[in-house]
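> Here the protein sequences come in this chain order: H and P. Counting from 0, one number per residue, gives the positions in the first sequence under numbering that gives the first Met the number 0. Counting from 0, one number per residue, gives the positions in the second sequence under numbering that gives the first Met the number 0. Please find one structure pasted underneath; my questions will follow.
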Amino acid sequence: MSTATQDPTEVAEPAEPAWRRLSPRLIPVHLAWLVPPVVTTTGTLLGTGGRLNLQALITLSSFTVAFLTVAGINLTRLFTTGYRITDERLELRSGLLFRSHRAVPLDRIRSADVTARPLHRLLGLATVHVGAAVHGTSAGRALRLDGLTVAQAGALRQELLNRRGALLAEGPADAEPDAPIAQLSWRWLRYAPLTIWGVGGLFAALGIGYNTLHDMQIDPLKLGLVHQLVAAFSSVPLWVAVPALLLVLVVLGTVASVGQYVEGWFGYRLEREDGGVLRVRRGLWIHRSVSLDERRLRGIELAEPLLLRLGGGARLLAIATGLGNAEENRTRSVLLPPAPRAQALRVAAEILPDGQALPITAELTPHPRSARRRRINRAVGVVALTAGALALPGIWVSQFLPLACAVAVVLLPLALLLAVDAHRALGHALVGRYLVVRSGTFARRTVALERAAVIGWTVSQSPFQRRLGLLTLTAATAAGRGAYRVRDIAVADGLALAARAVPQLLDPFLEQG
Amino acid sequence: MPQSDGLLLRPPRHRVERRAIVWWVLRAALIPVPTALVLGVLDLLIPPARFVFGPLFLAVALPGLCYLIVMPLWRYRVHRWETTDQAVYTASGWLWQRRRVAPLSRIQTVDTVRGPLEQLFGLSGIKVTTASAAGALTIRGLDRGRAAELVEQLTSATQATPGDAT
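Here it is as structure tokens:
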């Protein structure tokens, strides 16, 4: 590993730049992996007074071994990883037993993201993720340089983006960018509780905590604190206890989601750098920086989940190629956190280049009434199933029958309301270069996708749709989530839309009925 | 496709091989038939448990039989394919039906897929992937020689177009 020229995979070329290494400051970061086992072992020893049962011993030792292994692997990677940029390629090598050497052509590099976790930041380190257009592999994950100094990371990012962008004039690394397109405003924090993730996260944390304790043969239900809570809960009447419990859940959920919002979006800035790169920077503990080449932008998506929509908020996502797999795409495509809808529209207007009318606010063609009937049928079906499931024990315990009736009476109007709302959400239009599609009631999405980015159509029909003369049209694209649907559109309208959006593709297969 | 005034999407030109019906029947029979057989044998061998195995046998055998008869014939009516010098066009499904079009210029790979049962019948399928995450276009139940020709033709058409097909 000491001299680059001995590497067998090396292509011998004169005057190649030297291999650059990861920072040795990374050693303490990896050694930090040893902290959790030490802490848990000491904690358990103290907590049990030094007497461990076999179960706890096995759990602790497997825990320790696992963390030791991770630390070992990471340290090996630190000492064996090297990278360099030649005239045409970014080269990466790593591994002790399984050597790997990868070379990515610079013109295939689509992004260079910089992340810094808390421990990294303490030591002035950062991780660079390089996104490359290599189809079918999770190249994004493999091309990762964990543990460069912040200066190195910034320089590498700039260098990669500069070299790749042929358009670029010499863009110095410390160039002062223009005023940001958007910046976090603390008033947006009021939208945080409207994302339900807080409550979900709460349940996840409770579940993990319970499981961990359970694995160590400690029954959480027998702890004193839990006992007292249960006693307090059962001593008050049910009509007090249930709302109280809900209130606690809502409060905790709110706190959790506000915390999550602050953690994820602290210091959020969206700016346009020279050379047409959109850059999102955010994060309190974990710094994230995502760069998005505007030439890879294929459209934009306005997401309005139900609660957020009721509160007048929205999120904005980029539809772009080369953001990685579905999971990476989900986290990296976000342009704007939950914020006022007007803000989202303003940002969208600044991002979509040409000065045309903003496609996502365009007047959309509604879908036929039969689409509404489908939604109402579905709503009634769900209510009937729920009530039916509740009524089933009524065969044995007669109290369940009135309960099922009550649930049906409460749920039915709500479900019908949602069904009508879902139908009202449906819409499509062609606005300039964009195909605009809207759907969804729980998660309403308005998508503006460049017509030129559509690389195929799927027309699908369920038996119900065939009877009602509807179809679902799916635009396949290489960008974003890969497929965008126009749901329950009338057959002739759907085909006309597809034919007009992408001329000539569908024409040979169409005929007048 | 339903009758409605205005535009219609005509079905693709070519049907798949008639042998594909037998292939679909066999493939669909892999689970229900052994299950029904086991239940039937148990029903015969253990008379006291007949009140359990009898209904269970019927519950598996009757829907299974309907499925085995209806699905392959229906599929044969739906499954079709066509290629032009511009695009690949496929139709598939039976209750839920899909028709897909992908332009040749956006095709990334063309593969042959052939399971053990298909080999038995001399059948072959082709799988056409594009840069979209929406999934590949597949045409199953082609004659082996026909599929090879088609792959050849599509591959050369794809190579003729420059770019990385995104």
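Every residue, glycine too, gets a C-beta built ideally from N, C-alpha and C.
Chain P beta carbons: is any one of them nearer than 8 angstroms to that of H/V458?
Chain P, which has a Cβ nearer than 8 angstroms to the Cβ of H/V458, makes this yes.
> When the Cβ atoms of the stretch 454 to 467 of chain H are set against those of the stretch 87 to 98 of chain P, are three or more pairs found closer than 8 angstroms?
Yes, the stretch 454 to 467 of chain H is in contact with the stretch 87 to 98 of chain P.
> Taking DSSP as the reference, what is the three-state secondary structure of H/R268?
Correct three-state label for H/R268: strand.
> DSSP state of H/T2, grouped into three classes?
In this prediction, H/T2 scores a pLDDT of 41, lower than 50, which makes its location untrustworthy; the coordinate-derived value is nonetheless stated afterwards. Coil, per DSSP.
> In chain P, what lies closer than 9 angstroms to H/L494 by C-beta?
Those within 9 angstroms of H/L494 in chain P are G5, L6, L7, L8.
> Could you name the residues of the stretch 119 to 137 of chain P whose beta carbon sits closer than 7 angstroms to any beta carbon of chain H, in the order they occur along the chain?
Of all residues in the stretch 119 to 137 of chain P, T129, A130, S131, A132, A133 have a Cβ within less than 7 angstroms of some Cβ in chain H.
> Determine, using beta carbons only, whether H/A347 and H/L301 come nearer to each other than 8 angstroms.
The answer is yes: Cβ separation under 8 angstroms.
> Opposite H/I488 in the DSSP bridges: which residues?
Partner(s): H/L470.
> H/C404: which of H/L416, H/L417, H/G387 sits nearest, CA to CA?
Closest by alpha carbon: H/G387.
> Would H/H422 and H/R371 qualify as a contact pair, given that the criterion is a beta-carbon distance under 8 angstroms?
Their beta carbons are under 8 angstroms apart, which means H/H422 touches H/R371 by this criterion.
> Can you round the beta-carbon distance between H/V430 and H/A361 to whole angstroms, since I take them to be within the 8 angstroms contact cut?
The pair is a contact, with the Cβ atoms about 4 angstroms apart (cut-off 8 angstroms).
> Tell me the DSSP secondary structure of H/L56 in three-state form.
Of the three classes helix, strand and coil, the one that applies to H/L56 here is helix, per DSSP.
> Any idea what DSSP makes of P/I30, helix, strand or coil?
Looking at P/I30 - three-state DSSP - the assignment turns out to be coil, as it is neither helix nor strand.
> Leaving out five residues before and five after H/F66 in sequence, what residues of the same chain have Cβ atoms less than 7 angstroms from its Cβ?
Closer than 7 angstroms at the Cβ level, and outside the excluded window around H/F66, lie W32, L33, P35, P36.
> Nearest to P/W73 by CA position, among P/V15, P/V150, P/T82, is which residue?
Among P/V15, P/V150, P/T82, the Cα nearest to that of P/W73 is on P/V15.
> Is there a Cβ of chain P sitting closer than 8 angstroms to that of H/Q511, yes or no?
For H/Q511, the answer is yes, since a Cβ of chain P falls inside 8 angstroms of its Cβ.
> Going by the DSSP bridge assignment, what does H/Y82 pair with across the sheet?
Answer is H/R19, H/L91, bridged to H/Y82.
> Counting only beta-carbon separations shorter than 8 angstroms, does P/P62 have a partner in chain H?
No - not a single Cβ of chain H is within 8 angstroms of the one on P/P62.
> Note down the Cα distance separating H/P242 from H/A383, rounded to an integer number of angstroms.
Those two C-alpha atoms are separated by around 26 angstroms.
> Just the Cα atoms here: how many angstroms apart are H/V408 and H/V38?
H/V408 and H/V38: Cα-Cα distance of roughly 54 angstroms.
> Do the stretch 463 to 478 of chain H and the stretch 131 to 139 of chain P touch if we need at least three Cβ pairs shorter than 8 angstroms?
Yes, the stretch 463 to 478 of chain H is in contact with the stretch 131 to 139 of chain P.
> Checking 8 angstroms against the spacing of the C-beta atoms, do H/S256 and H/T194 come in under that value?
Cβ distance < 8 angstroms, so H/S256 and H/T194 count as in contact.
> Would you report the Cα separation of H/A447 and H/W264, rounded to the nearest angstrom?
Looking at the two C-alpha atoms, the distance is approximately 25 angstroms.
> What is the residue span of the beta strand (DSSP E) that H/I350 lies within?
That residue, H/I350, is in no beta strand (DSSP E); its alpha helix (DSSP H) goes 340 to 350.
> Tell me whether P/A19 sits in a helix, a strand or coil according to DSSP, three-state version.
Helix.
> Can you give me the C-alpha to C-alpha distance between H/P16 and H/D145, rounded to a whole angstrom?
Spanning the two alpha carbons is a distance of roughly 21 angstroms.
> Rounding to the nearest angstrom, what Cα-Cα distance links P/V100 and P/D110 in this structure?
Their Cα atoms are separated by approximately 17 angstroms.
> By a C-beta neighbour count over all protein chains shown, 10 Å radius and 16 as the cutoff for buried, is H/V30 buried or exposed?
Correcting the residue type first, residue 30 of chain H is Leu in the shown sequence and not Val. Exposed is the call here.
> So with Cβ pairs under 8 angstroms, would you call H/S461 a contact of chain P?
At least one chain P Cβ lies under 8 angstroms of H/S461.
> Using Cβ-Cβ distances below 9 angstroms, what residues of the stretch 358 to 388 of chain H are close to chain P?
If the cut-off is 9 angstroms between Cβ atoms, the stretch 358 to 388 of chain H has nothing near chain P.
> Mind listing the chain H neighbours of P/Q158? Cutoff is C-beta to C-beta under 9 angstroms, in chain order.
Ordered by position in chain H, no residue passes the 9 angstroms Cβ test against P/Q158, which lies about 16 angstroms from the chain.
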